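Under this note's numbering, the residue at position 242 of the sequence shown is numbered 604, and the numbers go up by one with no gaps. The beta carbon of each residue, even a glycine, is placed where N, CA and C say it ideally should be. These numbers were taken from a predicted model, which means no experiment stands behind them. Each remark here refers to the structure printed beneath this line.
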Amino acid sequence: MNRRTNNGTRRLLIGALALAAAATFATGVVGAAPARAATCNGYVGLTFDDGPSNDHTPAILNALRQNGLRATMFNEGQYAAAYPAQVRAQVTAGMWVGNHSYTHPHLIQQSQAQIDSEISHTQQAIANAGGGTPRLFRPPYGETNGTLQAVEAKYGLTQIIWDVDSQDWNGASVDAIVAANARLTNGQIILMHEWPGNTLAAIPRIAQGLASRNLCAGMISPQTGRAVAPDGGGTPPGGGGTTPPPQGGGCTATLSAGQQWSDRYNLNVTVSGSNAWTVTMTVPSPARISATWNVNATWTSSQVMVGRPNGAGNTFGVTIMTNGNWTWPTVSCST
363 MNRRTNNGTR RLLIGALALA AAATFATGVV GAAPARAATC NGYVGLTFDD GPSNDHTPAI
423 LNALRQNGLR ATMFNEGQYA AAYPAQVRAQ VTAGMWVGNH SYTHPHLIQQ SQAQIDSEIS
483 HTQQAIANAG GGTPRLFRPP YGETNGTLQA VEAKYGLTQI IWDVDSQDWN GASVDAIVAA
543 NARLTNGQII LMHEWPGNTL AAIPRIAQGL ASRNLCAGMI SPQTGRAVAP DGGGTPPGGG
603 GTTPPPQGGG CTATLSAGQQ WSDRYNLNVT VSGSNAWTVT MTVPSPARIS ATWNVNATWT
663 SSQVMVGRPN GAGNTFGVTI MTNGNWTWPT VSCST
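What follows is the structure, given as structure tokens:
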């Protein structure tokens, strides 16, 4: 986030904004059909900082899903550790999870060791909560320097600032937040936050505005740092992959981190929505799947595994030999 009030002031602001926005939100969401672009002529990156929490994350996720939007959630490590169920809810809802430091300090005022601690502890907290290993990092306040960027590189993180600041942290009105989103063009990224009530209220109109311009909410590419089309299997920048949010049935496959070694790592795959599923996992070359469990696995190529139930339930696992490529595979689910 760009600037930040202290916790006491922020909580007062949250309460006031939430009360002011409640009626608008209810009117904008309940009974409304999600806005959809006829054709995606471009993609934008919707981002929400400072989560997760029991107070705000459920409502934000519900509003995004109801309006057919996906977003990148830049989580603070301290909150990921405190509210792991909400991290899992973000992934299950089809969102992407990024690193926003552990305690939201001014990192450019800290030593390299302190910066390393902030980033590494957040990577671990998010992974432990089931959010995967983040590949995107948003520096608090948008402040950066060479020392910070060196630590980001150590953990394979791409630094993500923003093109448009919604000013929701500064008390921006619903109209102002909607107008800020209306300035987005293909590939651009907007800064928003989980906690302002006006941001929650703006989501239906944000969806309508994007659809009217044939823009779609995309993922942020770890390679380019720009908004791009979701990759089909839906591997979020945070690593924890899901299929796109289900629309009227079907199934959803969700990836979560398991054990990790110097040359390989385990992934858990949890399927929801059906007991008769087919999960297709595509592993980026030159990585390879070296072991599977609790699944009937077949291969259509050296990089593509097809998994079906084997009677062991709806969760299975794989071990992936990285061969130098730590990018998580993509998954898709069909019934």
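Rounded straight-line distance, which links the Cα of residue j to that of residue i
| i | j | result |
| --- | --- | --- |
| Gly504 | Ser528 | 14 Å |
| Pro607 | Thr614 | Only weak support exists for where Pro607 lies, its pLDDT of 43 falling under 50; the value from the coordinates is given anyway. Going from the Cα of Pro607 to the Cα of Thr614 covers about 7 Å. |
| Pro691 | Asn630 | 12 Å |
| Gly439 | Pro414 | 9 Å |
| Leu546 | Cys402 | 14 Å |
| Pro420 | Gln570 | 21 Å |
| Leu408 | Ala649 | 30 Å |
| Val645 | Tyr627 | 13 Å |
| Gln476 | Ile582 | 27 Å |
| Asn429 | Gly518 | 32 Å |
| Thr495 | Gln486 | 7 Å |
| Trp557 | Gly673 | 43 Å |
| Met683 | Gln622 | 10 Å |
| Leu572 | Ala563 | 16 Å |
| Ile568 | Asn543 | 6 Å |
| Asn548 | Arg575 | 10 Å |
| Ala383 | Met435 | Confidence at Ala383 is low in this model, with a pLDDT of 42, below 50, so the placement of that residue is unreliable and no value is reported for it. |
| Ser634 | Thr640 | 12 Å |
| Gly533 | Phe678 | 45 Å |
| Pro695 | Pro446 | The question names Pro, but residue 695 in the sequence shown is Cys. Cα to Cα, Cys695 sits roughly 24 Å from Pro446. |
| Val453 | Gln472 | 31 Å |
| Ser479 | Trp531 | 26 Å |
| Leu469 | Ser624 | 28 Å |
| Ala697 | Pro467 | Rather than Ala, the amino acid found at residue 697 in this sequence is Thr. Distance between the alpha carbons of Thr697 and Pro467: 46 Å. |
| Tyr441 | Thr689 | 25 Å |
| Ile488 | Trp524 | 22 Å |
| Gln511 | Gln448 | 28 Å |
| Ala538 | Val406 | 18 Å |
Whole-angstrom C-beta distance between residue j and residue i, which should lie under 8 Å
| i | j | result |
| --- | --- | --- |
| Leu553 | Gly404 | With 8 Å as the limit, Leu553 and Gly404 do not qualify as a contact, their Cβ atoms being about 19 Å apart. |
| Val693 | Thr654 | In fact, because the Cβ distance is near 13 Å, the residues do not count as touching under 8 Å. |
| Asn490 | Val459 | Rounded, the Cβ-Cβ distance is 12 Å, inconsistent with contact. |
| Asn656 | Gly675 | 7 Å |
| Leu423 | Ala455 | 4 Å |
| Asn637 | Pro671 | 7 Å |
| Gln703 | Thr509 | Coverage of the chain is limited to positions 363 through 697, which leaves residue 703 absent and any answer about it impossible. |
| Ile522 | Gly580 | About 13 Å separates the two Cβ atoms, so there is no contact after all. |
| Ile481 | Val526 | 25 Å between Cβ atoms; not a contact. |
Residue i and residue j closer than 7 Å at C-beta
| i | j | result |
| --- | --- | --- |
| Val540 | Asn560 | no |
| Ile565 | Ala589 | no |
| Asp411 | His555 | yes |
| Ala425 | Met457 | no |
| Ile492 | Arg450 | The sequence shown places Gly at residue 492, rather than the Ile named in the question. Yes, they are a contact pair. |
| Val668 | Thr642 | yes |
| Thr520 | Pro584 | yes |
| Ser647 | Gln665 | yes |
Residue i Cβ short of 6 Å to the ligand ATP heavy atom set
| i | result |
| --- | --- |
| Ala447 | Absent from the structure shown: the ligand ATP. Ligands present: none. |
Residue-chain proximity (residue i, chain B), Cβ-Cβ < 7 Å
| i | result |
| --- | --- |
| Asn656 | The structure shown has no chain B; it contains just one protein chain. |
| said: Assess contact between the segment 654 to 665 and the segment 615 to 627, defined as three or more Cβ pairs (one per stretch) separated by less than 8 Å. Is contact present? | reply: no
| request: Entirely within the segment 617 to 644 and at least 3 residues each: give me those beta strand (DSSP E) ranges in chain order. | output: 626 to 634, 640 to 644
| message | I want to know whether the segment 494 to 508 touches the segment 453 to 470 - three or more CB-CB distances under 8 Å. | response | yes
| task | With a floor of 4 residues, list each alpha helix (DSSP H) that falls wholly inside the segment 468 to 550, ordered by position along the chain. | result | 474 to 490, 508 to 516, 536 to 544
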